[in-house]
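Residue numbers (the working numbering), protein chains in the order written: chain A, 1 to 284; chain B, 285 to 489; chain C, 490 to 679. Everything on this sheet refers to the single structure shown next.
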Amino acid sequence: MKMPGDKPTSFVERIQTIDRRILYALIFISVIVPLFLPLKLPVPVTPETRDFFNAVEALPDSSIVMLPFDFWPSTMAETEPMAVVGLRHLFGKHCYVVGLSNVGMGGPTIADRLLDSIGGEFGRIYGIDYVNLGYKPDYRAVMLGMGTRISDIFPTDYRDTPIEDIPLMRRVPNYDSVAFIFIVADNVAVDYWVGLVNARFGKPMGAGVTAVMAPKNLSFVQAGQLIGLMGGMKGCAEYENLLERPARATRGMDSQSMIHLFIVVFIIMGNVGYYAGKRRAARS
Amino acid sequence: MDSVWTQPFFYFFLPAFFTLAVYSFLFKDNPWFKFAEHVFAGLSAGYYAGLIFTSVIKQQMIVPLVSSGRWDMLIPGVLGCLLFMRFFPKVHWLTRIPLAFVIGTTAGIMFLQQLHGLILPQMKSTLLRLGDFSNIVIVVGVLTTLIYFYFSKPHTGALGGVAKVGIWFIMVAFGAHFGYTVMARVSLLIGRMQFLFVDWLHWAQ
Amino acid sequence: MIVAFFGTGDMLADFSNEALRYMSIVAGFALLLGVISITRVSAGVVRKREKDWPHKIVLLLCLFTMAGFGIFQGITSGTVFEWLFENIQKPMMATMFSVLAFFIASAAYRAFRARTVEATILLITAVVVMLGRVPMGQYVYEHFPAVANWIMMFPSVAVQRGIIIGAALGAASMSLRIILGIERTYMGRG
Numbered sequence: 001m002k003m004p005g006d007k008p009t010s011f012v013e014r015i016q017t018i019d020r021r022i023l024y025a026l027i028f029i030s031v032i033v034p035l036f037l038p039l040k041l042p043v044p045v046t047p048e049t050r051d052f053f054n055a056v057e058a059l060p061d062s063s064i065v066m067l068p069f070d071f072w073p074s075t076m077a078e079t080e081p082m083a084v085v086g087l088r089h090l091f092g093k094h095c096y097v098v099g100l101s102n103v104g105m106g107g108p109t110i111a112d113r114l115l116d117s118i119g120g121e122f123g124r125i126y127g128i129d130y131v132n133l134g135y136k137p138d139y140r141a142v143m144l145g146m147g148t149r150i151s152d153i154f155p156t157d158y159r160d161t162p163i164e165d166i167p168l169m170r171r172v173p174n175y176d177s178v179a180f181i182f183i184v185a186d187n188v189a190v191d192y193w194v195g196l197v198n199a200r201f202g203k204p205m206g207a208g209v210t211a212v213m214a215p216k217n218l219s220f221v222q223a224g225q226l227i228g229l230m231g232g233m234k235g236c237a238e239y240e241n242l243l244e245r246p247a248r249a250t251r252g253m254d255s256q257s258m259i260h261l262f263i264v265v266f267i268i269m270g271n272v273g274y275y276a277g278k279r280r281a282a283r284s
Numbered sequence: 285m286d287s288v289w290t291q292p293f294f295y296f297f298l299p300a301f302f303t304l305a306v307y308s309f310l311f312k313d314n315p316w317f318k319f320a321e322h323v324f325a326g327l328s329a330g331y332y333a334g335l336i337f338t339s340v341i342k343q344q345m346i347v348p349l350v351s352s353g354r355w356d357m358l359i360p361g362v363l364g365c366l367l368f369m370r371f372f373p374k375v376h377w378l379t380r381i382p383l384a385f386v387i388g389t390t391a392g393i394m395f396l397q398q399l400h401g402l403i404l405p406q407m408k409s410t411l412l413r414l415g416d417f418s419n420i421v422i423v424v425g426v427l428t429t430l431i432y433f434y435f436s437k438p439h440t441g442a443l444g445g446v447a448k449v450g451i452w453f454i455m456v457a458f459g460a461h462f463g464y465t466v467m468a469r470v471s472l473l474i475g476r477m478q479f480l481f482v483d484w485l486h487w488a489q
Numbered sequence: 490m491i492v493a494f495f496g497t498g499d500m501l502a503d504f505s506n507e508a509l510r511y512m513s514i515v516a517g518f519a520l521l522l523g524v525i526s527i528t529r530v531s532a533g534v535v536r537k538r539e540k541d542w543p544h545k546i547v548l549l550l551c552l553f554t555m556a557g558f559g560i561f562q563g564i565t566s567g568t569v570f571e572w573l574f575e576n577i578q579k580p581m582m583a584t585m586f587s588v589l590a591f592f593i594a595s596a597a598y599r600a601f602r603a604r605t606v607e608a609t610i611l612l613i614t615a616v617v618v619m620l621g622r623v624p625m626g627q628y629v630y631e632h633f634p635a636v637a638n639w640i641m642m643f644p645s646v647a648v649q650r651g652i653i654i655g656a657a658l659g660a661a662s663m664s665l666r667i668i669l670g671i672e673r674t675y676m677g678r679g
């Protein structure tokens, strides 16, 4: 009679009890091999990403767009490429960008770096073409307060310049001058952008969110509260391809394909082993 | 000539070191991981201290007070300081004052946001023409899900049957959510591998 | 906040705006509570020479270094504060979450079993979405992307909407209970 602790003997038992270190090694290999041997598979575009792209593309040049960098550094593999592709699209259209962050840990720092870096690619000037308002606590208060007067919540920008001294911010007293809100988020801030700003002030908005949040936010897309959605690294890769500037997210898609295939194969193997084991136990 | 310290290997050495220190936990807990863990905790707390001092105390309180004579900015400052009374047992009750203010304001905002911003628009967009199969799926899915989560009556009879359909819809949604969760976690791993092999070691493109 | 929403006059609107401003500031002070707590606890461990006390010295050193540079030098680009964040904190945060990929794959392999009808529905949907949402999926079965799209936009949206409505009703009723004074647990005992 088999006892717990006995080594697995049959093939059925062995495929159900593969050492986790072998699993980790296989996961590692399936992620890095495509980095060295890219497959360059085409990335099909989903309707929600296309709608997002088209909405931004349809903005008149010189529109003022608000871009909240509402993400933690822990998810930046998904969210930072979204902010980058969004800034490239907006600066490429000569839009003006008002950046801010509702995430204290790292949000304003990342916003500052990305705005300067991508703005520099297009020759944009801080204070005239873009600004980083920084971070203020309690995103509900921030989102509602900006509806009346941005200077009430942000008396200065991230770099300590009084708001009234910034040329771009003289044109943006509140949401009235903002044509579109391009949200990049990895937390429930999106619910408040939708529930407070879109509902009360009627601002059109689209969101780039992590894949974990995408299923929920598709409800907002279907209800028309969000114009479009970038869901995870795949959504960002789709947007990069629509913009014809494939970048980090597109290059990550091959690894994503490999590892998904690998996980599906192992789920199937585990279930085959489970059912084979059940049949064997029933027969004996 | 570029300094050797600007070469990717050295420029990114510190982030790569801490990345590998965290990954070492996959083998087992070790002193490098513990060191990295405590550095992280210390820097995170220090980050918040620096950020709040600059963004809140300096920019939101001191600047309006000095430049516009807004002495009323001391009021939230005092309320904020009352929060620190929780560290003194004898005057611990003073923390209730700022708490009541924050919770009362938040309750008012939440009430409006949930009703006006979420419930009504979501319900409105569920009122769809039932001529299309996909629309029927949405309407049936929303209703059966809501009925499943109604636990005030036992799920027997007709209610039980409808709740059963709700469970099937929920399983489809959870399966989809699991697929997206795997996608999300894997993306984070891909990001770190891109940093190690592309940015740091320059072994891949 | 609720009455001001209905646009009942400038005075109430001004009061509401000031309340929002004050709330942001008070929330900032609340964030400092955590910093003070961790300092007190770590200092206590070091003072009493409890387990891991050398690590707590590392923690406190890093805390005061980061806070000191942030307060005295500033937090914008080009400062030591920003350098420490970009080169140490940010990579570690990203790495800690990336470790989950290994755990989720291992858990999916070990625990994901189609034992019941419901579990089978969940498993099949997960497989379809995982393959339908990556470029390779269309080469495994050409209709995977379209099926995954339909699942995400219809049955999944329906359930997520049901959950959003249910949770929002709960949150709205809890807010009303707080406003009416029925719910006072946030005040603590006494």
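Glycine included, each C-beta is placed from N, C-alpha and C at the ideal position.
Classify residue i: buried if its beta carbon has 16 or more other beta carbons within 10 angstroms, exposed otherwise.
i, result
"residue 670(C)", "exposed"
"residue 440(B)", "exposed"
"residue 29(A)", "exposed"
"residue 189(A)", "buried"
"residue 240(A)", "buried"
"residue 462(B)", "buried"
"residue 19(A)", "exposed"
"residue 523(C)", "exposed"
"residue 25(A)", "exposed"
"residue 258(A)", "buried"
"residue 679(C)", "Summary for residue 679(C): the model assigns pLDDT 43, below 50, so the residue's position carries little reliability, and this model does not support an answer."
"residue 216(A)", "buried"
"residue 16(A)", "buried"
"residue 225(A)", "buried"
"residue 248(A)", "buried"
"residue 355(B)", "exposed"
"residue 306(B)", "buried"
"residue 487(B)", "exposed"
"residue 102(A)", "buried"
"residue 601(C)", "buried"
Using DSSP bridges, identify the partner residues of residue i.
i, result
"residue 68(A)", "100(A)"
"residue 229(A)", "207(A)"
"residue 162(A)", "156(A)"
"residue 132(A)", "99(A)"
"residue 275(A)", "Partner(s): none; residue 275(A) has no beta bridge."
"residue 182(A)", "206(A)"
"residue 126(A)", "130(A)"
Provide the residue span of the alpha helix (DSSP H) that contains residue i, from first to last.
i, result
"residue 311(B)", "That residue, residue 311(B), is in no alpha helix (DSSP H); it is neither H nor E in DSSP."
"residue 214(A)", "214-222"
"residue 34(A)", "20-36"
"residue 675(C)", "It is not in any alpha helix (DSSP H) - residue 675(C) carries neither H nor E in the DSSP assignment."
"residue 293(A)", "No answer is possible for residue 293(A): it lies beyond the span of chain A, which begins at 1 and ends at 284."
"residue 625(C)", "Per DSSP, residue 625(C) belongs to no alpha helix (DSSP H) and is neither H nor E."
"residue 499(C)", "499-537"
Is residue i near the ligand SAH, judged by its Cβ being under 6 Å from some heavy atom?
i, result
"residue 122(A)", "With respect to the ligand SAH, the structure offers nothing, as it holds no ligand at all."
When you check each C-beta in the region 557-572 of chain C against every C-beta of chain A, which residues fall closer than 9 Å? 563, 564, 565, 566, 570, 571
Would you call the region 180-194 of chain A and the region 65-78 of chain A in contact, with 3 or more CB pairs under 8 Å? yes
Interfacial residues, the region 201-216 of chain A to chain B, with Cβ spacing under 7 Å: Taking 7 Å as the Cβ-Cβ cut-off against chain B, the residues of the region 201-216 of chain A that qualify are 210, 211, 212, 214, 215.
When you check each C-beta in the region 261-276 of chain A against every C-beta of chain C, which residues fall closer than 9 Å? 261, 262, 263, 264, 266, 267, 268, 269, 270, 271, 274, 275
With 9 Å as the C-beta to C-beta threshold (strictly closer), list the residues of the region 313-340 of chain B near chain A in chain order. Residues passing the 9 Å Cβ filter: 328, 331, 332, 335, 336, 338, 339, 340.
Chain-ordered residues of the region 105-137 of chain A with a beta carbon less than 7 Å from chain C: Within the region 105-137 of chain A, the residues whose Cβ lies closer than 7 Å to some Cβ of chain C are 106, 109, 112, 113, 116, 136, 137, listed in chain order.
Would you check if there are 3 or more beta carbon pairs closer than 8 Å linking the region 579-597 of chain C to the region 472-479 of chain B? yes
Please identify, using Cβ separations under 9 Å, the residues of the region 642-660 of chain C that lie next to chain A, in order along the chain. Here the close residues are 642, 643, 645, 646, 647, 648, 649, 650, 652, 653, 657.
Given 8 Å as the limit, is there contact between the region 553-573 of chain C and the region 325-339 of chain B, that is, 3 or more CB pairs closer than that? yes
Any chance the region 163-173 of chain A sits against the region 354-363 of chain B, with 3 or more Cβ pairs inside 8 Å? no
At a CB distance below 8 Å, what residues from the region 348-361 of chain B approach chain C? Give them in sequence order. The region 348-361 of chain B vs chain C, Cβ under 8 Å: 356, 357, 359, 360, 361.
Hey, is the region 610-626 of chain C in contact with the region 505-525 of chain C, meaning 3+ C-beta pairs nearer than 8 Å? With fewer than three CB-CB distances shorter than 8 Å, the region 610-626 of chain C does not count as touching the region 505-525 of chain C.
Quick one, which residues of the region 437-453 of chain B are near chain C if we go by CB-CB under 7 Å, in chain order? The region 437-453 of chain B vs chain C, Cβ under 7 Å: 451, 452, 453.
Which residues, in chain order, does the region 451-473 of chain B contribute to contact with chain A at a C-beta distance below 8 Å? 457, 460, 461, 464, 465, 466, 467, 468, 470, 471, 472, 473
Short-range partners of chain B found in the region 33-58 of chain A, where Cβ spacing is below 7 Å: 35, 36
Determine which residues of the region 67-96 of chain A have a Cβ less than 9 Å from any Cβ of chain C, and write them out in chain order. 72, 73, 74, 75, 76, 77
Scan the region 138-156 of chain A for residues whose Cβ lies nearer than 7 Å to a Cβ of chain B and list them as they occur along the chain. 140, 144, 155, 156
Closer than 7 Å, Cβ to Cβ, to anything on chain A: give me those residues from the region 622-638 of chain C, in chain order. 622, 623, 624, 625, 627, 634, 638
Examine the Cβ distances between the region 100-115 of chain A and the region 132-150 of chain A and report whether three or more of them are shorter than 8 Å. yes
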